[in-house]
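Working notes, structure below.
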Amino acid sequence: MNLSSLLYPATVRAHVQLDSKKALFPFVGDLASRSLGLDAGEVAEALLERERLGSTGFGRGIALPHAKLADLTGVRGLFLQLAKPIDFQAVDGLPVDLLFVILSPLDAGADHLKALAGVSRMLRNEAVAERLRGAKSDEALYALLADSETRDAA
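Each position in the sequence shown, counted from 1, maps to that position plus 546 in the working numbering.
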């Protein structure tokens, strides 16, 4: 899993203050607009549409919202560490505080699935998740994510 091709320092945020799942998607849309040049409304709506199919909260406080968009040239990621967990209707019923958002082009079938699988595998590692929860800044979070990629490759 090559996280450096998905994430940029500008797409990683620590201690995000959100009080609900409803507030999440507009926040992500705005972040994607500022950091990736995407339309904020389109991003928020695409993520919400996917979430209506079923929660992307896969357990232990982690969610993997994802969507496909027409205006992308490659798979992109955004990572949020929430200041306090929010209800996400996750499979285990636990609130979510770590979110890795994946945005893919409409025709990115295999690449989209590879990104989902790789990110899911990384975040299921409890040691990685705990280090991400302990990060104190955007920079520290990004460094941890890039470092987990390097360690996984070794």
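All C-beta atoms, glycine included, are put in the ideal place defined by N, C-alpha and C.
Segment limits, beta strand (DSSP E) that includes residue i
| i | result |
| --- | --- |
| S535 | Past the boundaries of the shown model lies residue 535; the chain is included only from 547 to 700, so the question cannot be answered. |
| L626 | 622–632 |
8 Å contact criterion, which residue i and residue j should meet: CB distance rounded
| i | j | result |
| --- | --- | --- |
| L552 | G623 | 4 Å |
| A560 | L687 | 5 Å |
| E588 | L610 | 20 Å between Cβ atoms; not a contact. |
| G605 | A636 | 6 Å |
Alpha helix (DSSP H) segment containing residue i, residue limits
| i | result |
| --- | --- |
| K567 | 567–582 |
Cβ pair residue i, residue j closer than 8 Å
| i | j | result |
| --- | --- | --- |
| S581 | T557 | yes |
| L549 | A692 | yes |
| Q627 | L644 | yes |
| F634 | K567 | yes |
| V642 | G664 | no |
| K675 | L669 | In the sequence as displayed, the identity of residue 675 is Ala instead of Lys. Cβ distance < 8 Å, so A675 and L669 count as in contact. |
| A629 | V562 | yes |
| L690 | R679 | no |
For residue i, the residue or residues it bridges with in DSSP
| i | result |
| --- | --- |
| K660 | According to DSSP, K660 bridges with nothing at all. |
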